[in-house]
Amino acid sequence: MAEALAAGCAVSFLPGDGGPGALLLHRADGAPMPDPGLPEPLSPARCPVLLPSAASPVPVVGWRVPAAAAVPVLLRRDRSSGWHPTAVDWERVARLALQAVAAGLVRPALTADGADQWRLGPLPIATARAVEASADRMSPHAHAVAVGGRLLAARDAVPAFLDSVADGLLRTPAAVLFGTGPYLGPVGSRLPDAAERPTTPVPGTESEPGSGPDDVRRWLDAVEDRWDDGPPPRLVLDIAEPSEEEATAGRLTGRLLLAVGDGPAVPASRRAVPAGARGPQRPAGRSGPGGPDGLSGPGGPGGLSGPGGPGTPGGEIPVPRLWSGQVALAGVEPYHLRDRVRRRVERLARRCSVLAGLLPSPGDLAVDAAGIVRLLAAEEALAEDGLVVRWPAGLRDRLSAHAVVGGPVRGADGAALDEGPGAGRTEGGRHAGASRATGGVPRFSLQALLDFRWQVALGGDVLSEAEMDELAEAARPLVRVRGQWVLLDAAMTGRLRRREIGSLAGVEALAAALTGTVSVDGVTVPCRAGGDLAGVVEVLRQGEHAAPVAAPARLEAVLRAYQQRALAWLGHTSGLGFGAVLADDMGLGKTLTAIAYALHRQEKGHRGPVLVVCPSSLVTNWEREIGRFAPHLDVTVYHGTRRSLESVADGAVVLTTYGVLRRDPALAARTWDLVIADEAQHAKNAASSTARRLGGLVSTTRLALTGTPVENNLSELWTLLDWVNPGLFGTLKAFRSRYAAAAEREPDGPAAQALARLIAPFLLRRRKTDPHVAPELPAKVESRRIVELTAEQVALYEAVVRETMEQLSAAPSQARSGLVFKLITALKQITNHPAHYWDEEHPGADRVREFTARSAKLEALDELVETITGRGEAALVFTGYVTMGRLLEQHLTHLGHRPLFLHGGLNTRRRQELVDAFQAGRSPLFLLSVKAGGTGLNLTRAGHVVHFDRSWNAAVEDQASDRAHRIGQRRTVTVHHLVTRGTIEDRIDQLLTHKRTLQDTVLASGDSGLARLSDRELADLVSLGGLV
1 MAEALAAGCA VSFLPGDGGP GALLLHRADG APMPDPGLPE PLSPARCPVL LPSAASPVPV
61 VGWRVPAAAA VPVLLRRDRS SGWHPTAVDW ERVARLALQA VAAGLVRPAL TADGADQWRL
121 GPLPIATARA VEASADRMSP HAHAVAVGGR LLAARDAVPA FLDSVADGLL RTPAAVLFGT
181 GPYLGPVGSR LPDAAERPTT PVPGTESEPG SGPDDVRRWL DAVEDRWDDG PPPRLVLDIA
241 EPSEEEATAG RLTGRLLLAV GDGPAVPASR RAVPAGARGP QRPAGRSGPG GPDGLSGPGG
301 PGGLSGPGGP GTPGGEIPVP RLWSGQVALA GVEPYHLRDR VRRRVERLAR RCSVLAGLLP
361 SPGDLAVDAA GIVRLLAAEE ALAEDGLVVR WPAGLRDRLS AHAVVGGPVR GADGAALDEG
421 PGAGRTEGGR HAGASRATGG VPRFSLQALL DFRWQVALGG DVLSEAEMDE LAEAARPLVR
481 VRGQWVLLDA AMTGRLRRRE IGSLAGVEAL AAALTGTVSV DGVTVPCRAG GDLAGVVEVL
541 RQGEHAAPVA APARLEAVLR AYQQRALAWL GHTSGLGFGA VLADDMGLGK TLTAIAYALH
601 RQEKGHRGPV LVVCPSSLVT NWEREIGRFA PHLDVTVYHG TRRSLESVAD GAVVLTTYGV
661 LRRDPALAAR TWDLVIADEA QHAKNAASST ARRLGGLVST TRLALTGTPV ENNLSELWTL
721 LDWVNPGLFG TLKAFRSRYA AAAEREPDGP AAQALARLIA PFLLRRRKTD PHVAPELPAK
781 VESRRIVELT AEQVALYEAV VRETMEQLSA APSQARSGLV FKLITALKQI TNHPAHYWDE
841 EHPGADRVRE FTARSAKLEA LDELVETITG RGEAALVFTG YVTMGRLLEQ HLTHLGHRPL
901 FLHGGLNTRR RQELVDAFQA GRSPLFLLSV KAGGTGLNLT RAGHVVHFDR SWNAAVEDQA
961 SDRAHRIGQR RTVTVHHLVT RGTIEDRIDQ LLTHKRTLQD TVLASGDSGL ARLSDRELAD
1021 LVSLGGLV
């Protein structure tokens, strides 16, 4: 070789076919080189070369010299020798290659055929610039070998030579001493079945590879992707129209195409490397001068050429032709492009195993029926990763099956039912009907049996019975329907052949139609309503958008717009024979809306009496509200030892309490037109006597009023819904199994969404923050005052925790719940005030300061009270403990205030007197126990609400705060939460902060749920300073 160079032979780069390249030594005039019996590793080669004297490549016989073997000879050049300029060019590049390898700037990679190869890089910026400069200075004849009908650009030839040198120099005879794994053999080979794990990670990669071949391939591709800054190839899988034979076999054939130039835009996702994170620069020249990958138009860089003709302005070329060298892209080194395509196909095959048939070299891809289904399912993900699947016409519009319920309405004997007026009456917990054939409402009964069958659609268009029959009789997986190919799997064929599923009771049918899903053989499938049921569902879903109704003529009040909409909704829902839950936020005037609804029913001809069941603290409020807005109504308070229903006439209103309802069977013996359960969450426990007694009332319709339809879990919501529409929502067990349990785990999941669709026609909830609701209502501001425990509180808190945890470690399981409850109660009391824990009395006016100093929370309350009263404002102070309330009452009295205190030990009349006194301005401070004063009261004089201690339940706190923040309030309401840092109370505050929506108010079991915590979990919860 040295002699040939000294004789002035030219040197041109000879690309390898999927592997390392070489140099071709040839005479500058094209004359054949002699063949004197060349020693290894030299070998004769015949290649098309563009000579300076020729207009096109001509065959030239020369010597092939492996790149690594040429380096020692090139580096021994004598400056005075007469070397050809092309040899000088490659001497300069060889010197750069040797310097980079000596510096360890190499990395492992895989070729397009999956063989191992060492490559140069990443290179320091200075070295990368030197490589670029060498390429720019290189003579065109130093890369004059034509491959695939084209010449390789210098910026492609130089990096390919550098990689070839790196691979050859690292495959020395001594490499075998390190083993026989990948990258150690004398030449590259396909990755074996078991690859050794590299012991040293490649710089700049995120992790080392696993031990299997797939792990190694994936790791190597990630390495290459990181340093390859060219765009990913854009690929198309073109699925051909099936032949009759293929359709019968359920098989399709696809071919892989490469989009070039202005071809189809294929979406591609590529992880971006953050600015500054690339590290040293990679060798220049991976993309051609005509643009990324050189894939541009004709007549210039990126033009497409090959046996098929001259360059074209872009389009699609079969990838197998790229592999075989039949197609070349000007300005793009085919080896690197094939490598990019291989890496992309391997990545795609990991997303969808069907594409594994395109490896190691892409040919035609045969896809069976199961593969078609998988490919369709992965289509969107593949498109994001650079592959568009082009299907035969219509195949993407897959057949879909859904259940249809609501054929002819039949009774158990198959005869048509004829429901008359009064279909909505509820008796003994059973709903007798749902709608009537009056006023244009479709006929429907909850006791009817409705047809339940499969219906099949193509691309959303329902097929006719004849088309479904034709598909059912088809004996092959691929069938043409409406000019489109469709895929029939075994499940779809079964549904087409057995379209009759059975019958559903009206209750189940309505629930299925409203949720849009139904369970068939344990599988949830889409469901649509048909027949009369479709009409009922359509009317029900009009809901809040029902036609407006005039306010009752005898209502002496002007309804707000949202109350008017609620009245229309209630009339609409009850007109269909259903009960309803009005669950507007506290303070939005549900009582007035309910009174208007009762009057509306009377105007529509309903003459039976109305029963209102409410907490005892609200009886007076109801009596006053009716006297104010409907003074003509006859009101009977059914309470006390002398209560009687004898004088109650049609149209009269009876007010009673939940306590009387539990004790007095006379209420269940009477038939009511309307039963209203106010603060209906009092009956939230389905197993309670209150819920059972409420369910035993006989009425035409039912209305539940509540500002907190869910306090602890969705079982409470079922109790309300089942009371207003018995049986419609199934059993509690089924409700929890199908909806509630999953919705509590995943509030935004499909079960929660289905539940929302199911209850929407029967539950109306508006919030004060809704833009169309009470815009005149001032804002509510939440404020947290974080305080530190005093030294006395810290010592007491830690002692109680230590003592109780020791008891728990030795306690039997049956005693655990009681000990945990005792611990939590004690810690809450300590954070309030040590006197609360020790059950001490207030020491008196002369020791007020001393008493205050024992509790940081009490100090904070004193400061708040001083500020609030100093401004002439008023406040509500809530506590969960009557004992603490009494201490606060004594304390504030000794400070010169005149606080009022409402708690559960007061009778109804005394409670109302206290409410009237506060509203009249007789005291600026109103102390209330959460249980007795947290619901139903209108206390709009207060501009401040103070929660002295915390409840586990966000809904309970919100409800208490809304005693002040409600219709009639004209001031901004500030809610103050007093929290002791680092305590159990701090943890409660964190939980409540994230549990303020309807779905998220599920705080499991409150205090009782803590008994299920392990000792360690409980210690983490209650230990001081263990909370963030």
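First residue of the sequence shown? That's 1 in the UniProt record's numbering, and the numbers climb one at a time after it. Positions of the beta carbon are idealized from the N, C-alpha and C atoms, including for glycine. These numbers come from a predicted model, not from an experiment.
- Scanning its chain for C-beta atoms nearer than 6 Å, with the 5 sequence neighbours on each side dropped, one finds around G579 the residues T701, R702, V724, N725, in chain order.
- Cα atoms of D368 and A2: separation of roughly 59 Å, rounded to the nearest angstrom.
- About 6 Å separates the beta carbons of S951 and V930, which is inside the 8 Å limit, making them a contact pair.
- The alpha-carbon separation between V165 and R95 amounts to approximately 11 Å.
- The bridge partners DSSP lists for Q563 come to none.
- The three-state secondary structure of F161, taken from DSSP, is helix.
- Just measuring C-alpha positions, the residue of M586, M492, A109, R987 sitting nearest R343 is A109.
- Within a 10 Å sphere around the beta-carbon of R910 sit fewer than 16 other beta-carbons, which makes this residue exposed.
- Nearest to P834 by C-alpha distance, out of A22, T852, A100, G460, is T852.
- The Cβ-Cβ distance between A845 and H897 does not fall below 8 Å.
- Ranked by how close their Cα comes to the Cα of P124, the residues D136, A100, P140, A142 have A100 in first place.
- Between the region 703 to 719 and the region 627 to 643, the count of C-beta pairs closer than 8 Å stays below three; the two stretches do not touch.
- Here the C-alpha atom of V525 lies approximately 7 Å from the C-alpha atom of A403.
- The Cβ-Cβ distance between S139 and P57 does not fall below 8 Å.
- Here L721 is not near W569, since their CB atoms are 8 Å or more apart.
- For L74, the closest alpha carbon among the candidates A28, P44, V11, L471 is that of V11.
- About 6 Å separates the beta carbons of G943 and A874, which is inside the 8 Å limit, making them a contact pair.
- In the DSSP assignment, K931 falls within the alpha helix (DSSP H) that extends over 930 to 933.
- Each residue's CA atom was taken as its position, placing F901 and P924 some 12 Å apart.
- Assignment of beta-bridge partners to V613 by DSSP yields T656, A677.
- Rounded to the nearest whole angstrom, the C-alpha separation of L697 and S647 is 19 Å.
- By a beta-carbon distance limit of 8 Å, H143 contacts F13. Their separation comes to about 5 Å.
- Non-local beta-carbon contacts of Q807 in its own chain, meaning distances under 7 Å to residues more than five positions away in sequence, involve L819 in chain order.
- Going by C-alpha positions, R693 is about 46 Å away from E798.
- Residue pairing by DSSP places R390 opposite D238 in a beta bridge.
- With respect to L450, V456 sits apart: the two C-beta atoms are not nearer than 8 Å.
- Between the alpha carbons of R565 and A630 lies a gap of roughly 20 Å.
- Of A466, A491, D461, G254, the smallest CA-CA separation from L375 is found for G254.
- The three-state reading of DSSP puts H26 in strand, counting E and B together.
- For I786, the enclosing beta strand (DSSP E) has its first and last residue at 780 to 787.
- Per DSSP, W118 is one residue of the beta strand (DSSP E) stretching across 116 to 120.
- Within the same chain, Cβ atoms closer than 7 Å to the Cβ of L496 are found at V456, M468, L471, A472, the five residues on either side in sequence being excluded.
- Two segments are said to touch when three or more pairs of C-beta atoms, one from each, lie closer than 8 Å; by this definition the region 582 to 592 does not touch the region 731 to 738.
- With respect to the 8 Å criterion, L257 and L151 are not classified as neighbours on the basis of their beta carbons.
- Take the alpha-carbon of P231 and the one of A779: they are about 54 Å apart.
- Unbroken beta strand (DSSP E) stretches of 3 residues or longer found wholly inside the UniProt domain "Helicase C-terminal" (860 to 1009): 875 to 879, 900 to 902, 925 to 929, 944 to 947, 973 to 980, given in chain order.
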